[in-house]
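*Asks:* In my numbering, the protein residues as written are 56 to 178.
Glycine included, every Cβ here is placed at the ideal spot set by N, Cα and C.
All values derive from a computational prediction rather than experimental measurement.
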Amino acid sequence: GLGAASPELVFRTLPGPPTTRCAPPVPVDVTSSSVVLEWPPPADVAPINFYRVAWTDHEPDCDDVDCFVADTDTPVPVLPVQDLACNSNYWFKVQTVNDFGNGPWSEFSSAITTLKAPPSAPY
């Protein structure tokens, strides 16, 4: 005869790495040596652990440019970038990161120019 029925098994697909690009970051505060960037989170992505931001000080003409990289500590889409040169152009891009991998990079931002250095105090 037939034995007892086996318990029902339910299979679920694990979430994968993010698949949607973020919009390029935009400046919300600019000084002579820093920029605070923010961007809207992508609407339809798997859980986000943090964001990775890359930037360059020469105009990007493809994705293979030398970049500086920094990560946010949280899934909040804001990053202050410090120690920049005054009166200089920078281009920024961002990607989402979760436990399953990295999402695609955004397009580079338009050039963001740091302010001129403040005048020195007179002697």
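1. Count the other CB atoms, across all protein chains shown, that sit within 10 Å of the CB of Gln-137; report buried if there are 16 or more and exposed otherwise.
2. Name the DSSP beta bridge partners of Leu-92, please?
3. Determine the DSSP secondary structure at Gly-156, reduced to helix, strand or coil.
4. Does the Cβ of Gly-156 have 16 or more other Cβ atoms within 10 Å, making it buried, or fewer, making it exposed?
5. Since Ala-109 is in the beta strand (DSSP E), which residue starts that stretch and which ends it?
6. Do the stretch 121 to 134 and the stretch 57 to 73 make contact, defined as three or more Cβ pairs closer than 8 angstroms?
7. Can you give me the C-alpha to C-alpha distance between Asn-153 and Thr-86, rounded to a whole angstrom?
8. By alpha-carbon positions, which one of Thr-151, Thr-169 and Thr-168 ends up nearest to Ala-78?
*Replies:* To lay it out plainly:
1. exposed
2. Pro-82 and Leu-134
3. strand
4. exposed
5. 105 to 111
6. no
7. 31 angstroms
8. Thr-151
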